[in-house]
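Down below is the structure, laid out as structure tokens.
There are 2 protein chains.
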Amino acid sequence: MDEIADRFAGRRVLITGGLGFIGSNLARRLVSVDARVLLVDSLIPSYGGNLFNVRDIEHRLRINIVDMRDTHGIAYLVQGQDYIFNLAGQVSHLDSVEDPLTDLEINCRAQVSLLEACRRRNRQAPIVFASTRQLYGRPRYVPVDEAHPAAPVDPNGINKMAGERYHILYSELHGLPACSLRLTNTYGPRMRVCDARQTFIGWWFRQILESGEIPVYGDGKQLRDLNFVDDVTDAFLLAATESRARGQIYNLGGSPVSLGELAQLIVDVNGRGTTKLVPFPAERKAIDIRDYYGSYEKIRTELGWQPRTSLREGLALTIEYYRQNRLHYW
Amino acid sequence: MDEIADRFAGRRVLITGGLGFIGSNLARRLVSVDARVLLVDSLIPSYGGNLFNVRDIEHRLRINIVDMRDTHGIAYLVQGQDYIFNLAGQVSHLDSVEDPLTDLEINCRAQVSLLEACRRRNRQAPIVFASTRQLYGRPRYVPVDEAHPAAPVDPNGINKMAGERYHILYSELHGLPACSLRLTNTYGPRMRVCDARQTFIGWWFRQILESGEIPVYGDGKQLRDLNFVDDVTDAFLLAATESRARGQIYNLGGSPVSLGELAQLIVDVNGRGTTKLVPFPAERKAIDIRDYYGSYEKIRTELGWQPRTSLREGLALTIEYYRQNRLHYW
Chain A
2 MDEIADRFAG
12 RRVLITGGLG
22 FIGSNLARRL
32 VSVDARVLLV
42 DSLIPSYGGN
52 LFNVRDIEHR
62 LRINIVDMRD
72 THGIAYLVQG
82 QDYIFNLAGQ
92 VSHLDSVEDP
102 LTDLEINCRA
112 QVSLLEACRR
122 RNRQAPIVFA
132 STRQLYGRPR
142 YVPVDEAHPA
152 APVDPNGINK
162 MAGERYHILY
172 SELHGLPACS
182 LRLTNTYGPR
192 MRVCDARQTF
202 IGWWFRQILE
212 SGEIPVYGDG
222 KQLRDLNFVD
232 DVTDAFLLAA
242 TESRARGQIY
252 NLGGSPVSLG
262 ELAQLIVDVN
272 GRGTTKLVPF
282 PAERKAIDIR
292 DYYGSYEKIR
302 TELGWQPRTS
312 LREGLALTIE
322 YYRQNRLHYW
Chain B
2 MDEIADRFAG
12 RRVLITGGLG
22 FIGSNLARRL
32 VSVDARVLLV
42 DSLIPSYGGN
52 LFNVRDIEHR
62 LRINIVDMRD
72 THGIAYLVQG
82 QDYIFNLAGQ
92 VSHLDSVEDP
102 LTDLEINCRA
112 QVSLLEACRR
122 RNRQAPIVFA
132 STRQLYGRPR
142 YVPVDEAHPA
152 APVDPNGINK
162 MAGERYHILY
172 SELHGLPACS
182 LRLTNTYGPR
192 MRVCDARQTF
202 IGWWFRQILE
212 SGEIPVYGDG
222 KQLRDLNFVD
232 DVTDAFLLAA
242 TESRARGQIY
252 NLGGSPVSLG
262 ELAQLIVDVN
272 GRGTTKLVPF
282 PAERKAIDIR
292 DYYGSYEKIR
302 TELGWQPRTS
312 LREGLALTIE
322 YYRQNRLHYW
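Protein sequence lines, in the order shown, are assigned to chains A and B.
So for the first sequence, our numbering puts the first residue at 2; every next one is plus one.
So for the second sequence, our numbering puts the first residue at 2; every next one is plus one.
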């Protein structure tokens, strides 16, 4: 996919949530082809932004600390950008249940501010929005395709659904070249692993390296699909540069695996450790979506994307990363 | 339906948007059976709230002027209510395109505040949310049923979609007895008729009485369905009292009629006047949804609701109302 990244050489690229997991991996790809990268991040504690994610390339990009809710700041920063990767967000489902208004302001209201700013000041730059499979809620069928009804099971899902729809609407009404990728579970180096508030798998990486025991909720038979972060950044780069993506929504996705199998695979790749079934905590059971895996047929046929990294390979790269850098993520 | 209204005798009922078109008609029904009615309204100019709508029954209810965005005020007022009819909203589609953030704060953010207040202070009161067919966007098929995908064509549709989903989510997650009615074009006495910002039909009533000429956009062949306001208040009363409505979404709807036929029927009922085809203004064409009519089969079979008022009868009652009261609505 390096010919895709090459398209960004010398171009001005804004990444919101740029110090976070996926944003920083995207930044690293873009810096490697000499794009002019501007990272925007709020650095709200516990949201996932981490300066260590780009420490070794800090001198090759610009970092602007600002909250997406800062309407004037964001309106200034979108000007003159050639591409906008819009990844900033509150990403904890449990937090959104306890504090839906903060989630709404970041994932819904601030998205409208960003799009309004682009409408007034930059109608050229392609915008790729990081959406989520969470907006489908509990699948009525699998694999879930883009036509599956949206029925979010938590405020985060509702706000992301609205935020995504705004991107598509601004494409239709105001001609902004915006599109949306519905991400499934993304994993890899630089993800937040210090607790389980955002993702279960990040927490598992910490557990395998720390206690050696991975806790699996319920019977471990729930199906999920996962994407390694490099495959996800491929999709962002493609979606930004392929004109047929404008106004479109694409699922990412991968091969289904049960959580029990996944936990065991992590143990195998790590070379030691165990897995343990534990009862579902009530507050997690309430928003659990049971089996999920997505169809990525649309992005495969339209943009030529597919995951390239095997689960075993991705897990090995990730575990190795945290083995070396745990100090900065625990 | 008076046995339905009777269920509210002596009960405390909060109506948000209570000075507006549907809210005030609902208030009148409830006052007639001696419910203890509290109307909440912001009286934002041009939104539709009009003190004249309840002037003759003012001494039989309470009016509290407060904006839905006033989190603390709303949290106080929901306490101790037996029923909540949640009709407050920004309702102009065109305004939402120009000022999406105001629409978002009222139709999305303030809805979460209200639901959070109920979650903390009143988990008993049934809540009926006034949603809209607008969230379907351009129909993929007609009649549109509740399973039709949501694809709003303006910010108002996105915010109402999110606001509705929050009601259903709070029913599922927190046990609030909330449900949602997706209204189609509602018409009748006390609607806003001074311009076309909210509804075309209100503007038509003014035009037929003032200039005698009804302007119809495009070729006049677009299909719509309409409900007379008394039929809509029936649906609200039923949805609040039938326990099987909890957590449910229901379309209202009626028989399809073309806009050209509807305009001609208004002329006929009025006894004089003409209709005139005029080109679509560009900003309206952009958010026009072409043919729409809804299926109300779900609410008919589950709650026993159906429209009782013929179009001719409803139009006659409406025109007569504005003939007598135009002073208060022009």
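Where is the CB? At the ideal position from N, CA and C, for every residue including glycine.
Please read all numbers here as calculations on a predicted model, not as lab measurements.
Residue burial classification, B/Thr275 (beta-carbon count within 10 angstroms, cutoff 16): Within the second sequence, the letter at position 274 stands for residue 275 of chain B. So B/Thr275 counts as exposed.
Excluding the five sequence neighbours on either side, which residues of its own chain have a C-beta within less than 6 Å of the C-beta of A/Phe229, listed in chain order? Sequence index remark: in the first sequence, residue 229 of chain A carries index 228 (1-based). Same-chain partners within the cutoff: Gly189, Thr310 and Gly315.
Give the C-beta separation of A/Ile92 and A/Ile288 to the nearest angstrom, bearing in mind that I take them to be a contact with Cβ-Cβ under 8 Å. In the first sequence, residue 92 of chain A corresponds to position 91, counting from 1. In the first sequence, residue 288 of chain A corresponds to position 287, counting from 1. Note on residue identity: the sequence assigns Val, not Ile, to residue 92 of chain A. Not a contact, Cβ separation roughly 14 Å.
Assumed close pair A/Ala240, A/Leu304 - CB separation to whole angstroms, cut-off 8 Å: To locate residue 240 of chain A, count along the first sequence from 1; it is residue 239. To locate residue 304 of chain A, count along the first sequence from 1; it is residue 303. Cβ atoms of A/Ala240 and A/Leu304 come within 8 Å of each other, at about 7 Å.
Step through the CB atoms of chain A and report whether any lies within less than 8 Å of the CB of B/Ala317. The residue you call residue 317 of chain B lines up with position 316 of the second sequence. Not one chain A Cβ lies under 8 Å of B/Ala317.
Rounded C-alpha distance that separates A/Arg120 from A/Ile202: Counting from 1 along the first sequence, the entry for residue 120 of chain A is found at position 119. Counting from 1 along the first sequence, the entry for residue 202 of chain A is found at position 201. Take the alpha-carbon of A/Arg120 and the one of A/Ile202: they are about 37 Å apart.
Please report the residue range of the alpha helix (DSSP H) in which B/Pro257 lies. As a first step, residue 257 of chain B is located in the second sequence; it is residue number 256 there, counting from the start. Per DSSP, B/Pro257 belongs to no alpha helix (DSSP H) and is neither H nor E.
Between which residues of its own chain and A/Gly158 is the CB-CB distance below 6 Å, once the five residues before and five after are set aside? As a working mapping, residue 158 of chain A is identified with position 157 in the first sequence. So the list reads Gln135 and Leu136, once near-sequence residues are dropped.
Start and end residues, alpha helix (DSSP H) containing A/Asn326: Here residue 326 of chain A refers to the residue found at position 325 of the first sequence. From DSSP, the alpha helix (DSSP H) with A/Asn326 extends over Leu312 to Asn326.
Counting only runs of 3+ residues fully inside the region 33-61 of chain A, write out the beta strand (DSSP E) ranges in chain order. 37-42
To be precise: take each residue of the region 283-311 of chain B, compare its Cβ to all Cβ atoms of chain D, and keep it if any distance is under 9 Å. Which residues remain? The structure shown contains no chain D; its protein chains are A and B.
Using CA coordinates, which residue listed in B/Leu266, B/Glu173, B/Arg141 and B/Ala131 is at the minimum distance from B/Asn252? As a working note, residue 252 of chain B is residue 251 in the second sequence. Minimum Cα distance to B/Asn252 is reached at B/Ala131.
Pick helix, strand or coil for A/Thr185, following the three-state DSSP scheme. The residue you call residue 185 of chain A lines up with position 184 of the first sequence. When secondary structure is reduced to three states using DSSP, A/Thr185 falls in the coil class, being assigned neither helix nor strand.
Within chain B, partners of A/Glu117 - CB distance below 8 Å: As a position in the first sequence, residue 117 of chain A is number 116, starting the count at 1. The answer, in chain order, is Pro101 and Leu102.
Grab the span of the alpha helix (DSSP H) containing A/Glu147 for me, first residue to last. Residue numbering aside, residue 147 of chain A sits at position 146 when the first sequence is read from its first letter. Segment: none, A/Glu147 is in no alpha helix (DSSP H) and carries neither H nor E.
Output, in chain order, the set of chain B residues within a Cβ distance shorter than 8 Å of A/Ile159. Your numbering for residue 159 of chain A matches position 158 in the first sequence. Correct list: Ala163, Arg166, Tyr167 and Leu170.
Going by beta-carbon coordinates alone, are B/Leu170 and A/Pro150 separated by less than 8 Å? In the second sequence, the residue the question calls residue 170 of chain B occupies position 169. In the first sequence, the residue the question calls residue 150 of chain A occupies position 149. In this structure, A/Pro150 does not lie closer than 8 Å to B/Leu170 by Cβ.
Cutting at 6 Å between CB atoms, please list the residues of its own chain near B/Ser43, excluding the five before and the five after it. In the second sequence, the residue the question calls residue 43 of chain B occupies position 42. Leaving aside the five residues that flank B/Ser43 on each side, the residues in its chain whose CB is nearer than 6 Å to its CB run, in chain order, Asp68.
Presumed contact (8 Å Cβ cut-off) between A/Asn87 and A/Val129, rounded CB distance: Counting from one through the first sequence, the residue named residue 87 of chain A turns up at place 86. Counting from one through the first sequence, the residue named residue 129 of chain A turns up at place 128. That belief holds up - the Cβ atoms of A/Asn87 and A/Val129 are roughly 7 Å apart, short of 8 Å.
Measuring CA to CA, which of A/Leu328, A/Arg245, A/Val143 and A/Phe206 is closest to A/Cys180? Translated into the one-based positions of the first sequence, residue 180 of chain A becomes position 179. When only C-alpha atoms are compared, the closest one is A/Arg245.
What does the alpha-carbon distance come out to for the pair B/Tyr77 and B/Leu20? Here residue 77 of chain B refers to the residue found at position 76 when the second sequence is read from its first residue. Here residue 20 of chain B refers to the residue found at position 19 when the second sequence is read from its first residue. For B/Tyr77 and B/Leu20, the distance between alpha carbons rounds to 19 Å.
Measuring only between beta-carbons, confirm whether A/Pro156 sits less than 8 Å from chain B. In the first sequence, residue 156 of chain A corresponds to position 155, counting from 1. Judged by the 8 Å Cβ criterion, A/Pro156 is in contact with chain B.
Which residues bound the alpha helix (DSSP H) around A/Thr242? Within the first sequence, numbered from 1, the residue matching residue 242 of chain A stands at position 241. Element bounds for A/Thr242: Val230 to Thr242.
Sufficient close CB pairs (3 or more, under 8 Å) joining the region 251-270 of chain A to the region 8-18 of chain B: Between the region 251-270 of chain A and the region 8-18 of chain B there are fewer than three inter-stretch CB-CB distances shorter than 8 Å, so the stretches are not counted as touching.
Per-residue DSSP class, three states only, for A/Tyr297: Here the question's residue 297 of chain A lines up with position 296 in the first sequence. Coil at A/Tyr297, not helix or strand.
Alpha carbon of A/Thr200 to alpha carbon of A/Met162, nearest angstrom: Position 199 of the first sequence, counted from the start, is the residue given in the question as residue 200 of chain A. Position 161 of the first sequence, counted from the start, is the residue given in the question as residue 162 of chain A. If you take the alpha carbons of A/Thr200 and A/Met162, they lie about 19 Å apart.
Taking CB distances under 8 Å as the criterion, tell me whether A/Val230 reaches chain B. By 1-based counting over the first sequence, the position of residue 230 of chain A is 229. A/Val230 does not count as touching chain B.
6 Å Cβ shell around A/Asp32 - same chain, five flanking residues per side excluded: Within the first sequence, the letter at position 31 stands for residue 32 of chain A. Sequence check: residue 32 of chain A is Val here, not Asp. Correct list, in chain order: Val38, Ile58, Arg61 and Leu62.
If I follow the unbroken alpha helix (DSSP H) through A/Tyr77, where does it start and stop? On the first sequence, residue 77 of chain A is found 76 positions in, with the first residue counted as 1. A/Tyr77 -> alpha helix (DSSP H) spans Thr72 to Leu78.
May I ask you to report which of helix, strand or coil DSSP gives B/Thr302? What you label residue 302 of chain B is simply residue 301 of the second sequence in a count that begins at 1. Collapsing the DSSP output to three states places B/Thr302 in a helix.
Nearest-angstrom Cα distance between A/Ile300 and A/Trp306? In the first sequence, residue 300 of chain A corresponds to position 299, counting from 1. In the first sequence, residue 306 of chain A corresponds to position 305, counting from 1. Approximately 6 Å between the Cα atoms of the pair.
Who are the Cβ neighbours of A/Glu243 in its own chain at under 7 Å, not counting the five residues just before and after it? On the first sequence, position 242 is the one that residue 243 of chain A refers to. Closer than 7 Å at Cβ, skipping near neighbours: Leu304.
To which residues of the same chain is A/Tyr218 closer than 7 Å at the C-beta, ignoring the five residues directly before and after it? Residue numbering aside, residue 218 of chain A sits at position 217 when the first sequence is read from its first letter. Around A/Tyr218: Val279, Phe281 and Arg285.
Locate the beta strand (DSSP E) running through B/Lys387, then write down its first and last residues. With chain B covering 2 to 331 only, the question about residue 387 of chain B has no answer from this structure.
Any C-beta of chain B under 8 Å from that of A/Ala113: Within the first sequence, numbered from 1, the residue matching residue 113 of chain A stands at position 112. Here residue 113 of chain A turns out to be Val, not Ala, going by the sequence shown. Taking a beta-carbon distance threshold of 8 Å, A/Val113 counts as an interface residue toward chain B.
Show which residues of chain B have a CB atom less than 7 Å away from the CB atom of A/Pro144. The residue you call residue 144 of chain A lines up with position 143 of the first sequence. The contacting residues do not exist; A/Pro144 stays about 18 Å from chain B at best.
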